[in-house]
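Below is one structure, written out as structure tokens; the observations come after it.
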Amino acid sequence: MALYILFTWLALSLPFLLLLLVSVKNFNDKRKNLPPGPPSLPIIGNLHKLGHLPHQSLWKLSRQHGPVMLIHLGSVPTIIVSSPEAAREVLKTHDLDCCSRPQLVGTGRLSYDYLDMAFVEYGDYWRELRKLCVLELFSAKRVQSFRYIRKEEVGSMIKSITKSAESGTPVNMSEKFMALTAEVTCRVAFGKAFQTEFEDGRFMHMIHEAVAMLGSFSASDFFPRFGWIVDRFTGLHSRLEKSFRNLDVFYQKVIEEHRNVNKSDEEEEDIVDLLLKMEKDQTELAGVRLKENNIKAILMDIFLGGVDTSAVIMDWTMAELARNPRVMRKAREEIRSCIGNKNCVVEDDLSGLKYLKLVLKEVMRLHPPGVLLIPRETMGHFKLFGYDVDPKSRVLVNAWGIGRDPGLWERPEEFVPERFEESAIDYKGNHFELLPFGAGRRGCPGMSMAMAMIELALANVLHSFDWKLPEGMVEEDVSMEEGAGLAVFKKVPLTLLPVKASHEIEA
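So the sequence shown is numbered by our numbering: it starts at 237 and just counts up by one.
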């Protein structure tokens, strides 16, 4: 009887207790000057407003509520930034206040501890890791040392496309660019081409699945305390586990192969060689000795960050050129005029290709690979345009929205590379109108490595071939529909017909 009375009392009291807690929270919130935003629902917050492509949905909401907007994704307060001025405040002025990372896609619920290192929170360990990447792994000298790999792999892609041109067969450019970036990344990081190990497509499937998992929204993102239960029920947890188990096996095999091989002094070191050398020398990062799990975490960042992003930029570039023949013709003529009768473009030629650089800026304005950048998490309270931002808030910078803001860009939806001719705006994190690689402490350290490959590949693709649409298609038929992922990709793969260039080429 006593238990019955207790349960009855609890059942009757619970709604009032919840109401009291909500009232206290609302009272505290009213005492703060919080950013404006749409009204939220209990428990789910504003999750119902995200849609299939969150960057587009959030841009529409920001147009109503302002460039600094507060929404709630489940239990997580999230600040959406969608203007250059607000982005500057977050990525530069208050960079130190909000340069940590939230735990992504519930990785802490998996059995691979090193995944948490891959998306490491801000602190001494991260600063040492960043220094390692900037000074060693992605230094200008290191980028230059891998130029022979880029040349060989781009040459291999051109040969493959030449066969299609000779047979009159259309080429899936999306697949070509993804295979190119995977090959280059594997050789730079692991010292080997993936096709020598995986000739049946398993490797590319593994990449696609891992990228899809990292780009997916999980319940753990929005309900950190109990969301992992939902992820297990929906099967997302098992997909994550399987995906990263496959990657772990791959990394382990690569590391063991490197441990068992003694390279001669003449052989070029790859990134695994360098990291294993540091492990052997008992190198410490902020008092933490570099071990195998740390190496796997670094490889995870390089591998998944390097493969998808570069391929997506090249894919969108060729799609925009296919839709804009005037721009393609102008870029092609510049390349061929600069190169002359040489049979290929080499990296020393790239500095002279001014218009190609304008094309790439315009592509990254319209199609930044990280449309919302990678989420940040605030570490302390600060004021953003007079609004209160609390600790443990998530911050998303809508680079996609900034790139299409009619208040910043004339005819923002049109592809016009010439808009950058008299502009000092670049993509290196100094100008907050264009943020494909982020800015501040969390800016992408591999930017120079990525752009070296992107420029070389596109220059050779345009130099070696004239490009036509498949029979029956016109420019307007080229789909520009986006697919959701870690980097927003073309939902419909780009297929073009290569025609061997008619200009004079040396044998």
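We treat Cβ as the ideally placed atom computed from N, Cα and C, and that holds for glycine.
Within 9 Å, strictly: CB atoms of CYS335 and ARG655: Within the sequence shown, the letter at position 99 stands for residue 335. Within the sequence shown, the letter at position 419 stands for residue 655. Their beta carbons are not under 9 Å apart, which means CYS335 does not touch ARG655 by this criterion.
Under the three-state DSSP convention, the category GLU445 falls into: For the purposes of this step, residue 445 is identified with residue 209 of the sequence shown, where counting begins at 1. Here GLU445 sits in helix by DSSP.
MET550 to ARG562 span [Cα, whole Å]: Position 314 of the sequence shown holds residue 550. Position 326 of the sequence shown holds residue 562. Spanning the two alpha carbons is a distance of roughly 18 Å.
Contact check, ASP506 vs ARG423, beta carbons under 9 Å: Along the sequence shown, one-based indexing puts residue 506 at 270. Along the sequence shown, one-based indexing puts residue 423 at 187. Yes, they are a contact pair.
Sequence-distant residues of the same chain with beta carbon closer than 8 Å to PHE587, five excluded per side: For the purposes of this step, residue 587 is identified with residue 351 of the sequence shown, where counting begins at 1. Strictly speaking, residue 587 in this sequence is Ser, with Phe absent from that position. Once the five neighbours on either side are set aside, SER587 has no close Cβ partner at all.
Neighbourhood of PRO642 by C-beta distance below 7 Å, restricted to the same chain and skipping five residues each side: Residue mapping note: residue 642 aligns to position 406 of the sequence shown, counting from 1. A distance below 7 Å between beta-carbons, with the five flanking residues on each side excluded, links PRO642 to the following residues of its chain, in chain order: PRO648.
Beta-carbon gap between VAL379 and MET685 smaller than 9 Å: Along the sequence shown, one-based indexing puts residue 379 at 143. Along the sequence shown, one-based indexing puts residue 685 at 449. Annotated as proximal: VAL379 and MET685, with beta-carbon spacing under 9 Å.
Residues that DSSP places opposite HIS308 in a beta bridge: In the sequence shown, counting from the first residue as 1, residue 308 sits at position 72. The beta-bridge partner set that DSSP reports for HIS308 consists of PRO313.
Beta-carbon spacing of ILE385, LEU632 below 9 Å: Walking along the sequence shown from the start, residue 385 turns up at place 149. Walking along the sequence shown from the start, residue 632 turns up at place 396. Note that the C-beta distance between ILE385 and LEU632 is not below 9 Å.
Reduced DSSP category for ARG640 - H, G, I as helix; E, B as strand; rest coil: Here residue 640 corresponds to residue number 404 of the sequence shown, with the count starting at 1. ARG640 falls in the coil class under three-state DSSP.
Supposed close pair LEU306, GLY281 - CB separation, criterion 8 Å: Sequence index remark: in the sequence shown, residue 306 carries index 70 (1-based). Sequence index remark: in the sequence shown, residue 281 carries index 45 (1-based). About 10 Å separates the two Cβ atoms, so there is no contact after all.
Exposed unless 16 or more other CB atoms sit within 10 angstroms - verdict on LYS377: Sequence index remark: in the sequence shown, residue 377 carries index 141 (1-based). Around the beta carbon of LYS377, fewer than 16 other beta carbons lie within 10 angstroms, which makes this residue exposed.
Whole runs of the alpha helix (DSSP H) within the segment 353 to 424, excluding any shorter than 4 residues: If you keep only unbroken alpha helix (DSSP H) runs of at least 4 residues inside the segment 353 to 424, you get 360 to 368, 376 to 381 and 383 to 403.
C-beta contact flag for GLU752 and LEU589 at 9 Å: Residue numbering for the chain in the displayed model covers 237 to 743; residue 752 lies beyond these limits and cannot be assessed.
Alpha-carbon to alpha-carbon, SER400 and ASN696: The residue labelled residue 696 in the question sits at position 460 within the sequence shown. The residue labelled residue 400 in the question sits at position 164 within the sequence shown. Rounded to the nearest angstrom, the two C-alpha atoms are 16 Å apart.
Under the three-state DSSP convention, the category THR731 falls into: The residue labelled residue 731 in the question sits at position 495 within the sequence shown. Strand, per DSSP.
Through-space distance from ALA555 to LEU730, alpha-carbon basis: For the purposes of this step, residue 730 is taken as the residue at position 494 of the sequence shown. For the purposes of this step, residue 555 is taken as the residue at position 319 of the sequence shown. Approximately 7 Å, taken between the alpha carbons.
TYR487 in three-state terms, based on DSSP: Mapped onto the sequence shown, residue 487 falls at position 251. Note: TYR487 maps to helix in three-state DSSP.
Backbone secondary structure at VAL341 - three-state DSSP: For the purposes of this step, residue 341 is taken as residue 105 along the sequence shown, with counting starting at 1. With a pLDDT of only 46 at VAL341, under the threshold of 50, the placement of this residue in the model should not be trusted; the figure read from the coordinates follows. The three-state reading of DSSP puts VAL341 in coil, since its state is none of H, G, I, E or B.
For VAL407 and ILE397, believed in contact at Cβ under 8 Å, the rounded distance: By one-based count along the sequence shown, residue 397 stands at place 161. By one-based count along the sequence shown, residue 407 stands at place 171. The C-beta separation of ILE397 from VAL407 comes to about 6 Å, placing the pair in contact by the 8 Å criterion.
Distance, ALA455 Cα to GLY474 Cα: Locating residue 474 in the sequence shown gives position 238, counting from the first residue. Locating residue 455 in the sequence shown gives position 219, counting from the first residue. The residue asked about is misnamed: residue 474 is Ser in this sequence, not Gly. CA-CA distance, SER474 to ALA455, rounds to 14 Å.
Counterpart residues of TRP703 in DSSP-defined beta bridges: Counting from 1 along the sequence shown, the entry for residue 703 is found at position 467. Answer is PRO734, bridged to TRP703.
Rounded distance between the beta-carbons of GLU504 and SER381, thought under 8 Å: As a position in the sequence shown, residue 381 is number 145, starting the count at 1. As a position in the sequence shown, residue 504 is number 268, starting the count at 1. With 8 Å as the limit, SER381 and GLU504 qualify as a contact, their Cβ atoms being about 6 Å apart.
Given PRO338 as reference, the closest of LEU732, ARG678 and TRP645 once Cα atoms are compared: Within the sequence shown, the letter at position 102 stands for residue 338. Minimum Cα-Cα distance from PRO338 among the listed residues LEU732, ARG678 and TRP645 corresponds to ARG678.
Contacting residues, own chain, Cβ-Cβ under 6 Å from GLY719 (five flanking each side not counted): Along the sequence shown, one-based indexing puts residue 719 at 483. Cβ within range, chain order: PHE725 and LYS727.
Neighbour-count burial assignment, HIS284, 16 or more Cβ in a 10 Å radius: Walking along the sequence shown from the start, residue 284 turns up at place 48. Residue environment: HIS284 is assigned as exposed (fewer than 16 neighbouring CB atoms within 10 Å of its CB, all protein chains considered).
Of the listed residues LYS412, GLY637 and ILE279, nearest to VAL312 (C-alpha basis): What you label residue 312 is simply residue 76 of the sequence shown in a count that begins at 1. For the options LYS412, GLY637 and ILE279, the alpha carbon positioned closest to that of VAL312 is the one of ILE279.
With 16 other Cβ atoms within 10 Å as the buried cut-off, status of PRO605: The sequence position of residue 605 within the sequence shown is 369, counting from 1. Of the other Cβ atoms in all chains shown, 16 or more fall within 10 Å of the Cβ of PRO605; this residue is therefore buried.
Separation of GLY676 from SER392, as counted between CA atoms: For the purposes of this step, residue 392 is identified with residue 156 of the sequence shown, where counting begins at 1. For the purposes of this step, residue 676 is identified with residue 440 of the sequence shown, where counting begins at 1. Using only the alpha carbons, I get a separation of about 36 Å.
Assigned exposure category for ALA660 - 16 Cβ within 10 Å defines buried: As a working mapping, residue 660 is identified with position 424 in the sequence shown. Exposed is the call here.
LEU557, enclosing beta strand (DSSP E) - first and last residue: Sequence index remark: in the sequence shown, residue 557 carries index 321 (1-based). Secondary structure note for LEU557: it is in no beta strand (DSSP E), and the uninterrupted alpha helix (DSSP H) holding it is 528 to 559.
Assumed close pair ILE571, LEU602 - CB separation to whole angstroms, cut-off 8 Å: Residue 571 sits at position 335 when you count from the first residue of the sequence shown. Residue 602 sits at position 366 when you count from the first residue of the sequence shown. The Cβ separation is near 22 Å, so there is no contact.
Span of the alpha helix (DSSP H), counted from its first residue to its last, around LEU297: The count along the sequence shown starts at 1 and reaches residue 297 at position 61. Unbroken alpha helix (DSSP H) run through LEU297: 290 to 301.
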